[in-house]
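Working notes, beginning with the structure itself.
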Amino acid sequence: MNNGYNHAPPPYPIAAFPIEIAEVIYEVMNKVKAPDALIATSFLATMSVACQGLIDVKLPIGQVCPVSLNILIKGESGERKSATDRIVGDPIYAHDEAREPLINEVGEWNRESCHLGFSD
Numbered sequence: 000m001n002n003g004y005n006h007a008p009p010p011y012p013i014a015a016f017p018i019e020i021a022e023v024i025y026e027v028m029n030k031v032k033a034p035d036a037l038i039a040t041s042f043l044a045t046m047s048v049a050c051q052g053l054i055d056v057k058l059p060i061g062q063v064c065p066v067s068l069n070i071l072i073k074g075e076s077g078e079r080k081s082a083t084d085r086i087v088g089d090p091i092y093a094h095d096e097a098r099e100p101l102i103n104e105v106g107e108w109n110r111e112s113c114h115l116g117f118s119d
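Under numbering that gives the first Met the number 0, think of the first position of the sequence shown as 0, with each following residue one higher.
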């Protein structure tokens, strides 16, 4: 990506990630050939999504909300943004697809159990 300067941006601090995640980031970098910051940011976004149902944070104003990040990635066309997100986010997409039929089964069971006299 052209940053308007004559030099490349400094490398993204991938070493700040836990070693298990950093190793996967390097593997994706070798496979996708996308900028390090793009791949690492995609990992941050995906980890945030994975944690949202598990962790709540209390804001300084007292409000409690799920942990989350708002991330915007700017890149040139062909810079491998979509390819990176597909690879990094695939486990979440696969989980959602596997969960869909189970949600439908639970809904059906709940409807049927109402007729049997079961209630909350």
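Even glycine gets a Cβ: it sits at the ideal position worked out from N, Cα and C.
Computed from a predicted model, the values in this text were never measured in an experiment.
Query raised in the report: So who's on the other strand from Val63, going by DSSP bridges?
Result: Per DSSP, Lys57.
Query raised in the report: Cα-Cα, which of Glu78, Asn69 and Glu99 is closest to Gln51?
Result: Out of Glu78, Asn69 and Glu99, Asn69 has the C-alpha closest to the C-alpha of Gln51.
Query raised in the report: Roughly how many angstroms separate the alpha carbons of Tyr25 and Arg85, rounded to a whole number?
Result: Between Tyr25 and Arg85, the C-alpha separation is close to 16 Å.
Query raised in the report: Can you list, in chain order, the residues of its chain whose CB lies under 7 Å from that of Ser41, leaving out five sequence neighbours each side?
Result: For Ser41, the CB contacts under 7 Å within the same chain, skipping 5 residues up- and downstream, are Thr83, Asp84 and Val87 in chain order.
Report task. Could you check which residue in Asp35, Asn29 and Leu58 has the C-alpha nearest to that of Ile13? Result -> If you compare the alpha carbons of Asp35, Asn29 and Leu58 with that of Ile13, the shortest gap goes to Asp35.
Query raised in the report: Hey, out of Ala39, Asn29 and Pro10, whose CA is closest to Ile72's CA?
Result: Answer by Cα proximity: Ala39.
Query raised in the report: Under the rule that 16 or more other beta-carbon atoms within 10 Å means buried, what is Arg79, buried or exposed?
Result: So Arg79 counts as buried.
Report task. Would you please state the rounded distance, in angstroms, between the beta carbons of Ile91 and Thr45? I believe it to be under 8 Å. Result -> That pair is a contact at about 6 Å.
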